[in-house]
Amino acid sequence: MSNDLDAEGYPLSPISTWPAADIAASWQRELPGVRTESIEIITPIWRIAKVLADDRRRTLAELGVDPSTLDLLSVIRRSGPPYELTTREIARRTLITAGAVSQRVARAERAGLVERSSSSVSRRAVAVRLTDIGHRLIETTVRQLLEHEADLISALTAAEYTALAGILATLEQTLVSSPPNEPQE
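Numbering (our numbering), first residue to last: 7 to 191.
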């Protein structure tokens, strides 16, 4: 097994295909009485997340767009005409710091993908607007990325898709509304 790590610290070696049920059974045998029901849910989700994250990084590299630029251009494009948001609104919608927004905007501006101007919302606010180049890039990239990712889940039937989307939405809402390891008020 390789000890090489990717940028996020994940092992670059292939993901284990050891069945989660076998892992749970092993822990039940080794540590009787310990709750193991999470293993058969969290382990496959973690594995799927790793595969999808690796695939998205490769796909974006092939499309010539880094993930942070995709995030910035996407949030502006989804806002609708005139495809402009304040830096504060970008930070709110992307859940990154104002400093990170500033860095992303500066990079995208140097690449000719966005332009900054005074905001009509506030004298002190800075508006970020897609340029024609940025608009074309994000639309082309998103079309190709979503087409590719739709192919990744195409093995699911319509009923499986609906059931899985509902289950994941419930789990996500539960975890987001009360994140693990955060003190309760």
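Glycine included, C-beta positions come from ideal geometry on N, C-alpha and C.
Suppose the cutoff is 6 Å on Cβ atoms and the five residues either side in sequence are ignored; what does the same chain contact list for residue i look like?
i: Thr168; result: none
i: Thr42; result: Ala30, Trp33 and Gln34
i: Arg113; result: none
i: Ile45; result: Ala26, Ile29 and Ala30
i: Thr49; result: Ala26
i: Val71; result: Thr147
Should residue i and residue j be called a contact, given that it needs their Cβ atoms to be closer than 8 Å?
i: Leu66; j: Val111; result: no
i: Leu162; j: Leu170; result: yes
i: Arg62; j: Val81; result: no
i: Leu119; j: Gly105; result: no
i: Ala117; j: Ser124; result: no
i: Arg135; j: Glu115; result: no
i: Ala131; j: Arg94; result: yes
i: Gln179; j: Leu69; result: no
i: Val127; j: Thr92; result: yes
By Cβ distance, which residues of its chain are closer than 7 Å to residue i, with the 5 residues on each side in sequence left out?
i: His154; result: Thr65
i: Ser74; result: Arg110
i: Leu195; result: Here the chain has residues from 7 to 191 only, and residue 195 is not among them.
i: Pro38; result: none
i: Thr103; result: Ala97
i: Asn187; result: none
Which residues share a DSSP beta bridge with residue i?
i: Glu178; result: Beta-bridge pairing links Glu178 to no other residue.
i: Arg135; result: Glu90 and Glu121
Residues in the same chain with beta-carbon distance under 8 Å from residue i, minus the five sequence neighbours each way, listed in chain order, please.
i: Glu36; result: none
Checklist entry - Taking the runs of the beta strand (DSSP E) that are 3 residues or longer, which of them lie wholly in the stretch 43–108? => result Fully enclosed beta strand (DSSP E) runs of 3 or longer: 90–92.
Checklist entry - Of all the alpha helix (DSSP H) runs that stay within the bounds of the stretch 128–173, which reach a length of 4 or more residues? => result 138–158
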